[in-house]
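Novice:
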Amino acid sequence: MVSRNAATALGLAAFAACGLAFPFFLRRNTEPMIDASKALPPQAVMRGPYINTGSKDVGPDGSRSSSST
750 MVSRNAATAL GLAAFAACGL AFPFFLRRNT EPMIDASKAL PPQAVMRGPY INTGSKDVGP
810 DGSRSSSST
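Residue numbers 750 to 818, in the numbering used here, belong to the letters of the sequence shown in order.
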């Protein structure tokens with residue numbers, strides 16, 4: 750007979766395996782969200798160049814005083 754700790758560990762491992770496998774099954778059964786044959790919507794075209802551009806300024810903000818009064 751399997752001990753209680755081993756049964757609990759086996760149950761947790763099975764639960765974790767199902768949880769980790771869920772995204773793969775979900776992705777396999779769905780079609781792509783964006784159709785490459787169609788044009789992008791205006792909102793995506795407008796914000797496209799600004800995604801992941803990062804900050805261009807370096808250093809302290811000149812419009813704020815550095816004293817903490």
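Note that the Cβ used here is the ideal one computed from N, Cα and C, for glycine as well.
(1) Return the first residue and the last residue of the alpha helix (DSSP H) that Ala765 is part of.
(2) Do you know offhand how far Phe764's Cα is from Met782's?
(3) What is the DSSP secondary structure of Pro791, reduced to helix, strand or coil?
Specialist: In terms of the structure at hand:
(1) Indexing the sequence shown from 1 puts residue 765 at position 16. Segment 753–777, the alpha helix (DSSP H) holding Ala765.
(2) Your numbering for residue 764 matches position 15 in the sequence shown. Your numbering for residue 782 matches position 33 in the sequence shown. Near 28 Å, if we compare the C-alpha coordinates of Met782 and Phe764.
(3) The sequence position of residue 791 within the sequence shown is 42, counting from 1. Helix.
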